[in-house]
Amino acid sequence: MKPVLNIVNESLINQSFAIKQMAGNIPYIGNFIRLHYHGILVVEEGKGILTVDDRSFEMKENTIFLWSKGQVYHFGKQSAVNGFWISFGDCFWEKAPSSASNCKAVLFNNAAANQRLEPNQSEMAEFRSLCNSLLAESEKDQYTNQIDVMAAYLKIMMIKLANIKLVEEETFDSQDYIIYRRFMELLSEQFRHFHAVSDYAEMLNITPRRLSELCKRCSNASAKEIINGQIIAEAKRLLQFSSCSVKDIAYQLNFHTSEQFSHFFKKNTEIAPVNYRSHFINIGIEI
Numbered sequence: 556m557k558p559v560l561n562i563v564n565e566s567l568i569n570q571s572f573a574i575k576q577m578a579g580n581i582p583y584i585g586n587f588i589r590l591h592y593h594g595i596l597v598v599e600e601g602k603g604i605l606t607v608d609d610r611s612f613e614m615k616e617n618t619i620f621l622w623s624k625g626q627v628y629h630f631g632k633q634s635a636v637n638g639f640w641i642s643f644g645d646c647f648w649e650k651a652p653s654s655a656s657n658c659k660a661v662l663f664n665n666a667a668a669n670q671r672l673e674p675n676q677s678e679m680a681e682f683r684s685l686c687n688s689l690l691a692e693s694e695k696d697q698y699t700n701q702i703d704v705m706a707a708y709l710k711i712m713m714i715k716l717a718n719i720k721l722v723e724e725e726t727f728d729s730q731d732y733i734i735y736r737r738f739m740e741l742l743s744e745q746f747r748h749f750h751a752v753s754d755y756a757e758m759l760n761i762t763p764r765r766l767s768e769l770c771k772r773c774s775n776a777s778a779k780e781i782i783n784g785q786i787i788a789e790a791k792r793l794l795q796f797s798s799c800s801v802k803d804i805a806y807q808l809n810f811h812t813s814e815q816f817s818h819f820f821k822k823n824t825e826i827a828p829v830n831y832r833s834h835f836i837n838i839g840i841e842i
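Quick look at the structure:
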C-alpha cells in the first residue's frame, strides 16, 4: 500500500529554538509536516484552515495555537498568518527555570486538548509584546548566556499561556499535580509498551485508584481515558500518514493481534481502523 499522504519532516533548527515573525508567509504551506519540536503560533491576523492530526481549525485574529513534537500539521494553500511562530525542543526547554515546568506540562503533555487558545485583547497585547522582545533578543549578536535569556522569556510565555487555560496556580504546586505531571511524562515515553493504569501506578508507587482520582482532579479525565487517548491519537496518525498495515500498527502499539487493536480502536472511535483510513482518504483535506 502506498502512504496515505506524503509527509515532510520538520527541519532541524539551531540550538533547538527559533522565533519568526509572520507577515502573511507560512513555511511548508500545502505540505503535511511531522513535528520535531513543540510550537506556539501567535495569530494576530489569519485566514485559511490549519489541520493538526485529524482536527481542522479556521484561523482568525487573536488566536494562539499549540502543538507538540510528533504531531502532524497542514496549512491549506489559501492560508496566511500575521503574527509569530516559536519552535523549541526539550533540550532548549531544560534551560528554562524549573518552576515553569508544570505550566509546560499542562499545555504540551496533552496538546490535543489545548490546540487552540483564545486570549482576550489585553492578554493578546501582552503576548505581542513578549514575542517582539523574544524576537529582538534572538536577532542580537550572540553573547554569553543569550540562550538563558531567551529561555527566560519562553518561561514567562508558558506561564501566561497556562493562565489563559484557566488552570489555577495552586493546582500547579499541589502534590497531586506533581504526580499527574510525572504520569503524563511517563505516558508520553511508554504508551506504546504499557496500556494499563496499574502499570503507571506501579511506576509512580501509588495505587491505580489514587492515580485515577488525581487525573480526574487535574484534567477532568480518568487515567484510563488519558492512556487510551494517547494510544488512539498515535494510531490515527499512523493510519492517516503512513503506509503501515493495521497489523503493523497493532504491533507498533503493543497489541497482541490486529483483531485486538481493531476492537480497541472501534470501541474508542466508533469506527474500524480500515474504515477510518478510507474515510480520511475519501474526505480529503483542503490543500
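Going from the sequence shown to our numbering is simple: count from 1 and add 555. Just so it is clear, CB atoms sit at the ideal spot from N, CA and C, and this is done for glycine as well.
Looking at the DSSP output, residue 671 sits in a beta bridge with 620.
For secondary structure counted as the beta strand (DSSP E) over 3 or more consecutive residues, the stretch 755-838 holds no complete run. When 700, 748, 712, 634 are compared, the shortest CA-CA separation from residue 807 is found for 748. For residue 611, the enclosing beta strand (DSSP E) begins and ends at 610-613. Close CB contacts of residue 783 within its chain, under the 7 Å cut and outside five residues either way in sequence, are with 823 (chain order). Spanning the alpha carbons of residue 576 and residue 611 requires a straight line of approximately 23 Å. Nearest Cα to residue 562 within the set 755, 587, 760, 798: 587. Contact between residue 742 and residue 708 does not hold, since their C-beta atoms are separated by about 29 Å, which reaches or exceeds 8 Å. Residues of the same chain with a CB within less than 6 Å of the CB of residue 787, apart from the 5 flanking positions on each side, are 823 in chain order. The continuous alpha helix (DSSP H) containing residue 718 extends over residues 701-719.
In this structure, residue 732 sits near residue 773, with a CB-CB distance shorter than 8 Å. Its chain contains 678, 681, 682, 685 as the residues whose beta carbon lies nearer than 8 Å to that of residue 715, once the 5 sequence neighbours on both sides are disregarded; these appear in chain order. With fewer than 16 other Cβ atoms inside 10 Å of its own Cβ, residue 582 counts as exposed. For residue 566, the closest of 624, 779, 778, 695 by C-alpha to C-alpha distance is 624.
Rounded to the nearest angstrom, the Cβ distance from residue 646 to residue 571 is 5 Å, consistent with a contact under 8 Å. In the DSSP assignment, residue 605 falls outside any alpha helix (DSSP H) and within the unbroken beta strand (DSSP E) covering 604-607.
A direct Cα-Cα distance of roughly 13 Å separates residue 758 from residue 765.
For residue 682, there is no enclosing beta strand (DSSP E); the residue is found in the alpha helix (DSSP H) stretching over 676-693. A distance of 8 Å or more separates the beta carbons of residue 710 and residue 701.
Annotation: residue 642 is outside any alpha helix (DSSP H); the continuous beta strand (DSSP E) that includes it extends over 635-643.
Beta-carbon to beta-carbon, residue 620 and residue 670 are separated by about 6 Å, close enough to satisfy the 8 Å threshold.
Burial check for residue 618: the Cβ neighbour count within 10 Å reaches 16 or more, so the residue is buried.
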